[in-house]
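J.: Residue numbers (this note's numbering): 3 to 204.
Quick reminder that beta carbons are idealized off the backbone N, C-alpha and C, glycines included.
Please see the structure below; I have some questions.
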Amino acid sequence: MFDARIRPIIDPPLNRLGARVAQAGIGANAVTLAGLGLGLLAAVCIAVEAYLIALLPLLASRLADGLDGAVARASRKTDFGGYLDIVADFAFYGAIPLAFAVADPATNAVAAAFLLASFYVNGTSFLGFAILAEKHGIETDAQGEKSLFYSNGLLEGFETIGFFVLICLLPMYFAPLAWIFGALSLATAVLRLRTAHHLFHS
Numbered sequence: 003m004f005d006a007r008i009r010p011i012i013d014p015p016l017n018r019l020g021a022r023v024a025q026a027g028i029g030a031n032a033v034t035l036a037g038l039g040l041g042l043l044a045a046v047c048i049a050v051e052a053y054l055i056a057l058l059p060l061l062a063s064r065l066a067d068g069l070d071g072a073v074a075r076a077s078r079k080t081d082f083g084g085y086l087d088i089v090a091d092f093a094f095y096g097a098i099p100l101a102f103a104v105a106d107p108a109t110n111a112v113a114a115a116f117l118l119a120s121f122y123v124n125g126t127s128f129l130g131f132a133i134l135a136e137k138h139g140i141e142t143d144a145q146g147e148k149s150l151f152y153s154n155g156l157l158e159g160f161e162t163i164g165f166f167v168l169i170c171l172l173p174m175y176f177a178p179l180a181w182i183f184g185a186l187s188l189a190t191a192v193l194r195l196r197t198a199h200h201l202f203h204s
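And the structure:
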């Protein structure tokens, strides 16, 4: 919901930092993989119930997720780089709820399963929409320059990171928060489905 609004704020400093990273000879794919590694480290911290410590690699991973695109723009963008970025994002998004289930299976497992199922449905609606948008020549740069079409929705990257931060700060409330966020994620998928029906139904 807020990704397009915050892009004009975060892109200029990211682009400056990305140019410096590129000048140092570090490639965008390396930044993507570093971000994934940090995200998985955050998941490990959550799994052992070190929730506040998990915030450090979690936030660093999201910085890397924004930085890799800036590095690519300052050096060379590739389709594989965009593909690797979205795979790393989905791996990270799946690892965090799984980690909460591992940390406290009795309390969190069912809510985490529902959240992961909602991510699966929402992610499918996102990727399917991107394929059809490419087929129909529809483009947008509202979320910055991307390798594939980023359709907006109730929940986007900003909201998801905010949710992850919240459940790390309040792990005892993971289950109810996961049910709420999962429901909103499914609502996002439904709204995207309606938009796809409007644009692509023929």
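1) Label P59 either buried or exposed according to how many other C-beta atoms from any shown protein chain fall within 10 Å of its C-beta, with 16 as the threshold for buried.
2) Counting C-beta neighbours from all protein chains within 10 Å, is the total for P173 16 or more, i.e. buried, or is it exposed?
3) What three-state label does DSSP hand R75 in the structure shown?
4) Just how far apart, CA to CA, sit I11 and G20?
5) Alpha carbon to alpha carbon, how far is R18 from D106?
6) Scan the region 51-133 and note each continuous alpha helix (DSSP H) run of 4 residues or more that stays entirely inside, going in chain order.
7) Does the beta-carbon of I48 have 16 or more other beta-carbons within 10 angstroms, so that it is buried, or is it exposed?
8) Which residue from A36, A191, Y175 puts its Cα closest to that of F94?
9) Can the beta-carbon of A45 be found closer than 9 Å to that of L118?
10) Verify whether the separation of the beta carbon atoms of L201 and L134 is less than 9 Å.
11) So, for S187: in the same chain, excluding its five sequence neighbours on each side, which residues have a beta-carbon less than 7 Å away from its beta-carbon?
12) Can you give the Cα-Cα distance for F176 and G29, rounded to whole angstroms?
13) State yes or no: is the C-beta of T34 within less than 9 Å of the C-beta of G96?
14) Answer yes or no: do F128 and A180 have a C-beta to C-beta separation smaller than 9 Å?
15) For A77 and L69, I'd like the C-alpha separation in whole angstroms.
16) Would you please state the rounded distance, in angstroms, between the beta carbons of V73 and V104? I believe it to be under 8 Å.
17) Could you check what DSSP says for A49 in three-state terms: helix, strand or coil?
18) Since A62 and L42 should fall inside the 8 Å C-beta cutoff, what is the C-beta to C-beta distance between them, to a whole number of angstroms?
19) What does the Cβ neighbour count give for D67, buried or exposed, with the cut at 16 atoms within 10 Å?
20) I need the straight-line Cα distance from F92 to F160, nearest angstrom please.
T.: Inspection of the coordinates gives the following:
1) By the neighbour-count rule (16 or more Cβ atoms within 10 Å), P59 is buried.
2) Taking a 10 Å sphere around the C-beta of P173, we find 16 or more other C-beta atoms and assign the residue as buried.
3) Secondary structure of R75 (DSSP, three-state): helix.
4) Approximately 15 Å, taken between the alpha carbons.
5) Distance from the CA atom of R18 to the CA atom of D106, rounded to whole angstroms, is 41 Å.
6) Annotation: the region 51-133 contains the following complete segments of the alpha helix (DSSP H) (minimum length 4 residues), in chain order: 53-76, 81-105.
7) Under this definition I48 is a buried residue.
8) Relative to F94, the option among A36, A191, Y175 whose CA is nearest is A36.
9) No Cβ-Cβ contact shorter than 9 Å links A45 with L118.
10) L134 sits close to L201, with the two beta carbons spaced by under 9 Å.
11) Excluding the 5 residues flanking it on each side, S187 has same chain C-beta neighbours closer than 7 Å at S120, F121, N124, L157, in chain order.
12) Computed Cα separation, rounded: 36 Å.
13) Their beta carbons are not under 9 Å apart, which means T34 does not touch G96 by this criterion.
14) Against a cut-off of 9 Å, the Cβ pair of A180 and F128 comes out as no contact.
15) For the sequence presented, residue 77 should be read as Ser rather than Ala. One C-alpha to the other measures close to 12 Å.
16) Rounded, the Cβ-Cβ distance is 33 Å, inconsistent with contact.
17) It is helical.
18) Actually they do not touch by this definition, with Cβ atoms about 12 Å apart.
19) Label assigned to D67: buried.
20) For F92 and F160, the distance between alpha carbons rounds to 14 Å.
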